[in-house]
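Written out below as structure tokens is the structure these notes cover.
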């Protein structure tokens, strides 16, 4: 046990029963007070606090990665990685709660003020409450399974399936061969798609699978060659670009250099 | 030709929708039995499971909801079947969409009833986690400490025989992810370098092309290319289930797509010619 770990163990011993419930309640209260204090602070002070917390949070993983490790591949911060992982999951859960609050606020106002389309807002709110109650209180009942499997899943699948119809319609209307590049794209797409389906593969199934130059003419082999030899390098190049861009964005977010219209406006207000 | 060209560029979209619907329904009712060439990446996925040692755990990660279940469900089903046929113990985990854990649980329960798999002894559900990066980094160090309890009974993982001898990702033989999104980057970036476990990926068809660069490097051992990959896997298992049947409507829909693209382009050239003559 390293010094940081032993200090944390002494400062925050494992709690059970009532003590644990009290600690959780205390944490929730502290969070609420923290949010209220943040809201009351001037924009610039709030921005400084958020930037500091963001930097410290990012610093943990950076230090854990870069600090020298021992023979067990661990350093002074490694012990905290699972706990920090759990904290990020809790934070993610809280963002879901924020989303729910936002939906209630916007659609609740629509219903109360009887705005245009208030019936849809009402339906959304009722559905949300029914699904939440069913999931929390009646998870192992037919009621929940029916709502989840028969209603929600069916809607979800149907929504996505509708895309197939739009794709067919869009491909017919928009896929026009007007240039050499479009022709190349069309031919490559045709070969790759034919190589992926039994009907396409059947067209050249009489050619040897391997061991002969003729096998190179099989549609499935041409399709595989296009995917592995032509597509993969292109994807790699795109991946390099995305990786460098992602690194730049990550640094900007970590150091709070990223500018957001809402954030800047709030900071300028004070 | 001039009379033919113009109407071909103006086929009412309802006819197109009708043609697609008819072809999918006919394809499901009357499957066409044609041989399907098994791709090298599907073969490597199958071999990774086939050669997995029985003393190690297989981690099955799911990140799909009902929207992509047309492809991801058969993929997950066929691999779970293979795991159970080989009597390999496995753990489910879900990211990205909260539906994923329930849908995977249902699938596993279906197969477990057939293969007499016992929950807690032969398989377990580790549940849904919202943040993949933080969770994976924790799992690299300690799975029990990161995930703590299962999602079915909410009991500590250490109490389950299926988790015996499993400390971190080094104790896994295969990591198989079934996904509707680009989650593989988190696995490749945070986990693959820390374990000898074979990382296999089963995405939807539309995502598959971007994985070839990682297949090329060996960071992803094997891949199932959408529902076609699932049909290939079924073929390697010498089975003919729903997936093998479902490949017929997929094939016919793509043929319809080619025909419509051809008609649209023929119509365009016919129109141009008509305009040139007038």
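Chains as they are written, first to last, in this note's numbering: chain R, 1 to 270; chain S, 1 to 278.
Ideal Cβ positions, reconstructed from N, Cα and C, are used throughout, including at glycine.
Here residue 179 (chain S) really is in contact with residue 203 (chain S); their C-beta atoms are around 5 angstroms apart, less than 8 angstroms. It is roughly 10 angstroms from the alpha-carbon of residue 17 (chain R) to the alpha-carbon of residue 23 (chain R). A Cβ-Cβ distance of about 11 angstroms is found for the pair residue 274 (chain S) and residue 9 (chain S), leaving them out of contact under the 8 angstroms criterion. Nearest CB-CB separation between residue 240 (chain S) and chain R: not below the 8 angstroms threshold. By the rule that beta-carbons nearer than 8 angstroms mark a contact, residue 225 (chain S) touches chain R. One finds 138, 141, 142, 145, 146 in chain S with Cβ atoms closer than 7 angstroms to the Cβ of residue 82 (chain R), taken in chain order. Taken in chain order, the unbroken stretches of alpha helix (DSSP H) that lie wholly in the stretch 17 to 61 of chain R and span 4 residues or more are 17 to 40. Taken in chain order, the whole beta strand (DSSP E) runs of length 3 or more contained in the stretch 166 to 230 of chain S are 172 to 179, 198 to 203.
If you ignore the 5 residues before and after residue 59 (chain S), its C-beta comes within less than 6 angstroms of the C-beta of 91, 172, 175, all in its own chain and listed in chain order. Contact of residue 268 (chain S) with chain R by beta-carbon distance below 9 angstroms involves 176, 177, 178. Flagged as an interface residue toward chain S: residue 93 (chain R), by a C-beta distance shorter than 8 angstroms.
Residues of chain S whose Cβ lies closer than 7 angstroms to the Cβ of residue 205 (chain R) are, in chain order, 35.
With the rule of 3 Cβ pairs closer than 8 angstroms, the stretch 65 to 73 of chain S does not count as touching the stretch 211 to 222 of chain S. The residue among S:196, S:118, S:184 with its C-alpha nearest the C-alpha of residue 62 (chain S) is S:184. At a Cβ-Cβ threshold of 8 angstroms, residue 89 (chain S) and residue 64 (chain S) do not count as neighbours. Per DSSP, reduced to three states, the secondary structure at residue 156 (chain S) is strand. Among the CB atoms of chain R, none fall inside 8 angstroms of the CB of residue 273 (chain S). Near chain S, meaning a CB-to-CB distance below 8 angstroms, the residues of the stretch 36 to 64 of chain R are 61. At a cut-off of 4 residues, the continuous stretches assigned as alpha helix (DSSP H) that sit fully inside the stretch 53 to 114 of chain R are 81 to 112. Residues of chain S with a Cβ closer than 7 angstroms to the Cβ of residue 156 (chain R) are, in chain order, 65, 66, 67. In this structure, the straight-line span from the alpha carbon of residue 249 (chain R) to that of residue 257 (chain R) is close to 9 angstroms. Counting of Cβ neighbours within 10 angstroms places residue 196 (chain R) among the buried residues, the total reaching 16 or more. A distance of 8 angstroms or more separates the beta carbons of residue 92 (chain R) and residue 99 (chain S). With a contact defined as Cβ atoms closer than 8 angstroms, residue 165 (chain R) and residue 17 (chain S) qualify at about 5 angstroms. Looking at the DSSP output, residue 57 (chain S) bridges to S:172.
For residue 94 (chain S), the pairing in a beta bridge is given by DSSP as S:62, S:128. For residue 156 (chain R), the enclosing alpha helix (DSSP H) starts and ends at 153 to 174. Residue 149 (chain S) has S:156 as its beta-bridge partners, per DSSP. Between the stretch 197 to 212 of chain R and the stretch 234 to 245 of chain S, the count of C-beta pairs closer than 8 angstroms stays below three; the two stretches do not touch. Along the stretch 188 to 211 of chain S, the positions whose C-beta sits under 7 angstroms from a C-beta of chain R are 209, 210, read in chain order. Against chain R, a Cβ distance below 9 angstroms from residue 150 (chain S) picks out nothing, because the smallest value is about 15 angstroms. Not a single CB atom of chain S sits nearer than 8 angstroms to the CB of residue 69 (chain R). Judged by DSSP secondary structure, residue 177 (chain R) falls outside any alpha helix (DSSP H); it is assigned neither H nor E. Judged by DSSP in its simplified three-state form, residue 225 (chain R) adopts helix. Among the residues facing chain R, residue 178 (chain S) is not included, as its CB has no counterpart in that chain under 8 angstroms away.
Within chain R, the residues 89, 92, 93 have their CB atoms less than 7 angstroms from the CB of residue 130 (chain S), given in chain order.
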